[in-house]
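Under the working numbering, the first residue of the sequence shown is numbered 239, with each subsequent residue one higher.
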Amino acid sequence: MKVLAFLGSPRVDGNTELLLNEAVRAARERGHEVKIHKLNYMRIAPCQDCGGCDKTGTCIINDDMVEIYRDIREAERIILASPIFFFGMSAQAKAMVDRCQSFWCEKYLLKKTIPEGPHGRKGLLMLVGGMKREIGIRCGDATAKAFFRTVSVPTHEVLAILEVDAKGAVLEHPTAMKDAYEAGKQLVQT
Ligand SMILES: Cc1cc2nc3c(=O)[nH]c(=O)nc-3n(C[C@H](O)[C@H](O)[C@H](O)COP(=O)(O)O)c2cc1C
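The following block contains the structure:
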């Protein structure tokens, strides 16, 4: 099946990327096609709330979201991986999520959902935070839930790793890498 992954961290080989790569490895080892969008390197303008998508469900901004819109439609599994920044997902991830307002119009105003394939559509949210406090997970998951439901993904799992701050520190975490691999494996299970 087609798996689409979003990397919301700007830190190359950072904790989010290391975790995401483990989940992706699990999916690829099982023969699934995985495409990763590294959001920090993409041209994604913030939503302008221009109303351009209200009647059509199509965003009028011409940037890298055009490719992302197509990929979201085709995906059967979607992974959203982000560090926790100021108690929420990163700006890179949030900009992409906000631009899915056109899917919101399509689903809730035009009453059209993205058709699901034979294996349905499922999501996985991966969050990494440096602090102990769980509020970042709750806020990040609230936004992710709105994102997943908007793009017709009815259920998603959450893997959140806290108290991991320095670049690569996730490798020292007792279970994180194993948990990420397992989450990727579960995601593609039918
Ligand atoms: C701008 C910024 C804001 C942050 N805010 C939080 C926060 O609110 N809660 C938290 O747990 N960690 C916070 N952190 C720490 C990061 O989540 C942590 O370092 C994480 O491991 C970064 O992941 P990465 O290596 O994939 O970029 C923040 C880091 C930065 C740079």
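We put the CB at the ideal spot given by N, CA and C, even for glycine.
Check                                                                                                             : Outcome
Proximal residues to methionine 369 (C-beta, below 6 Å), its chain only, five neighbours per side dropped         : none
Near ligand 1: glutamate 305 beta-carbon under 7 Å from a heavy atom                                              : no
Valine 447 - containing alpha helix (DSSP H), residue span                                                        : A query on residue 447 cannot be resolved here, the shown segment of the chain reaching from 239 to 428 and no further.
Buried versus exposed call for isoleucine 282 [16 or more other C-beta atoms within 10 Å across all chains shown] : buried
Own chain, CB closer than 7 Å to aspartate 379, minus 5 neighbours either side, in chain order                    : Leu363, Val396
Residue environment, leucine 425, which counts as buried when at least 16 other CB atoms sit within 10 Å          : buried
Given 8 Å, three or more beta-carbon pairs between the stretch 341-358 and the stretch 399-408                    : no
Beta-carbon proximity check, glycine 246 vs serine 328, cutoff 8 Å                                                : yes
Touching by the beta-carbon criterion (3+ pairs, under 8 Å), the stretch 414-424 and the stretch 263-271          : yes
Cα-Cα separation between cysteine 285 and glutamine 427, rounded to whole angstroms                               : 34 Å
Exposure label - proline 321; buried when at least 16 CB within 10 Å                                              : buried
Buried/exposed call for cysteine 288, threshold 16 Cβ in 10 Å                                                     : exposed
Inter-residue spacing [alpha-carbon to alpha-carbon] between isoleucine 316 and valine 241                        : 6 Å
Whole-angstrom distance between aspartate 302 and isoleucine 330, CA atom to CA atom                              : According to the sequence as given, residue 330 is glutamine; it is not isoleucine. Spanning the two alpha carbons is a distance of roughly 13 Å.
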